[in-house]
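Structure, as structure tokens:
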Amino acid sequence: MTGPDARLDGVTRVALPVGINAVETVNMHVLADGDRVTVVDCGVWRPDLPDGGLAALEAGLQGAGYALSDVSRILVTHAHIDHYGLAGALMERTGAELVMHAMTDLDCEKYRHPDTARARRRDTYADHGVSEGERTDLADHLTRWLPYLHSVVEASSRLRGGEELEIGGDRWSVVHTPGHSLGHVCLWSAARGVLLSGDHLLPGITPPVTFERGFDNDPLRSYLESLRRVADLRPEHVMPGHGMPFGDAVGRIEAILRTKLRRLEKIRRAIADRPSSVVELADRLVAKAVLAHQRQLAINETLSHIAFLRWSGVVERRTRPDGVYEWYATSDTPPDVRDLVGAA
13 MTGPDARLDG
23 VTRVALPVGI
33 NAVETVNMHV
43 LADGDRVTVV
53 DCGVWRPDLP
63 DGGLAALEAG
73 LQGAGYALSD
83 VSRILVTHAH
93 IDHYGLAGAL
103 MERTGAELVM
113 HAMTDLDCEK
123 YRHPDTARAR
133 RRDTYADHGV
143 SEGERTDLAD
153 HLTRWLPYLH
163 SVVEASSRLR
173 GGEELEIGGD
183 RWSVVHTPGH
193 SLGHVCLWSA
203 ARGVLLSGDH
213 LLPGITPPVT
223 FERGFDNDPL
233 RSYLESLRRV
243 ADLRPEHVMP
253 GHGMPFGDAV
263 GRIEAILRTK
273 LRRLEKIRRA
283 IADRPSSVVE
293 LADRLVAKAV
303 LAHQRQLAIN
313 ETLSHIAFLR
323 WSGVVERRTR
333 PDGVYEWYAT
343 SDTPPDVRDL
353 VGAA
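Encoded structure:
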């Protein structure tokens, strides 16, 4: 979708269809770069369509005044398949370079070896009390996304955060914002007051921050620190990876912080009331009768919140006779969770 409401200072938002696990669309942002163009995120490969979904992307480019052949650079905010799945096909058609953070190598490795990734998830779920029948279904979350990935392509240019990219005569700073994804980056134009936020900052919903072995030991802490980094920039306009552009970034960040704090406090209190496994906590705090992808998010987000509490010294784990990890409070007088978030 393009139009006056989708444009801001030479940046055009194009909503590309997704339609998987309740993700209806993803935003591709088209950045004018003289007679060439840089696109930020590129949507999914569509195996059900003869063109793989390139026609929708091409129509979006045309709405911004460009052709497919004008694409010279693809910047992916993070290598989740809804933002990255079409990158390989787009590179083949245009010869464009692919720019991503170096830590997206972990995602690429997972896509290259999905059986290993699924086994790692099954082991995690087993350790935390997921039944044998359910853990296979939850671990197959990756399987449902893989058909929407054209090919596994690694970055031509690897980012670390702190770089400045010149696009159309403007300077865009790369801000590394781990949390939702270890390799997540935002693009920041100080001159325009514009932040291309990917999934780091979304309108209306709180981005999921989930735990996965072999990635980030404390992803929620990383996310909270990233939120503060962005709040310090005080963006005037946020162009997110999903949904409509919005203002008042600081207000949105404060709302997300409140949500995370409430969730942390609920989990802390539940563990203080009764030592529990992750599955028991997820079942107590989230309705059990939810869709598979929602239950997977509930369990993985519970893991990320527990990791935060663990590395803050508030909870610890022990192993039950059946081999399942059980979490317990380390003190009868724990610190205020608000203080823990403030220190993150």
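As numbered in our numbering, residues 13 to 356 make up the sequence shown, in order.
Backbone N, C-alpha and C define an ideal beta-carbon position, used for all residues, glycine too.
Around the CB of Tyr78, 16 or more other CB atoms lie within 10 Å, so the residue is classed as buried. When beta bridges are read from the DSSP output, Glu248 appears opposite no residue. Listed in chain order, the alpha helix (DSSP H) runs fully inside the stretch 49-112 are 66-75, 93-96 and 99-106, counting runs of at least 4 residues. Taking C-beta atoms under 8 Å as the contact rule, Gly64 and Trp57 qualify, at a distance of about 5 Å. A direct Cα-to-Cα measurement between Ser84 and Leu276 gives close to 43 Å. Only residues of its own chain outside the window of five on either side were considered, and among them Val186 have a CB closer than 7 Å to the CB of Gly174, listed in chain order.
Between the alpha carbons of Leu213 and Thr345 lies a distance of about 34 Å. Thr136 and Gly325 have their C-alpha atoms spaced approximately 22 Å apart. Here DSSP, grouped into helix, strand and coil, assigns Met256 to coil. The DSSP-derived three-state label of Ile265 is helix. DSSP places Thr128 inside the alpha helix (DSSP H), whose first and last residues are Pro126 to Asp139. When DSSP states are grouped into helix, strand and coil, Ala319 belongs to the helix group. Within a 10 Å sphere around the beta-carbon of Tyr123 sit 16 or more other beta-carbons, which makes this residue buried. Distance check between Ala68 and each of Val353, Glu109 and Leu102 places Leu102 closest, using alpha-carbon atoms only.
For the alpha helix (DSSP H) assignment, the uninterrupted runs of no fewer than 4 residues enclosed by the stretch 145-209 are, from N- to C-terminal side, 153-157. At least 9 Å separates the beta-carbon of Val353 from that of Leu245.
Taking Ile265 as the centre and dropping the five residues before and after it, the same chain places the C-beta of Leu239 and Ala243 closer than 6 Å to its C-beta, in chain order. Residues of the same chain with a CB within less than 8 Å of the CB of Ala114, apart from the 5 flanking positions on each side, are Ala167, Arg170, Leu171, Arg172 and Gly195 in chain order.
With respect to the C-alpha of Pro190, the residue from Leu236, Leu161 and Arg332 having the closest C-alpha is Leu236. For Leu214, no alpha helix (DSSP H) encloses it, and the DSSP letter there is neither H nor E.
Membership of Asp295 in any beta strand (DSSP E) is not indicated; the residue belongs instead to the alpha helix (DSSP H) covering Val290 to Leu297. By the neighbour-count definition (other C-beta atoms within 10 Å, threshold 16), Leu73 is a buried residue. Annotation: the continuous beta strand (DSSP E) that includes Met40 extends over Val35 to Asp45. CA-to-CA, the gap between Gly22 and Val52 works out to about 13 Å.
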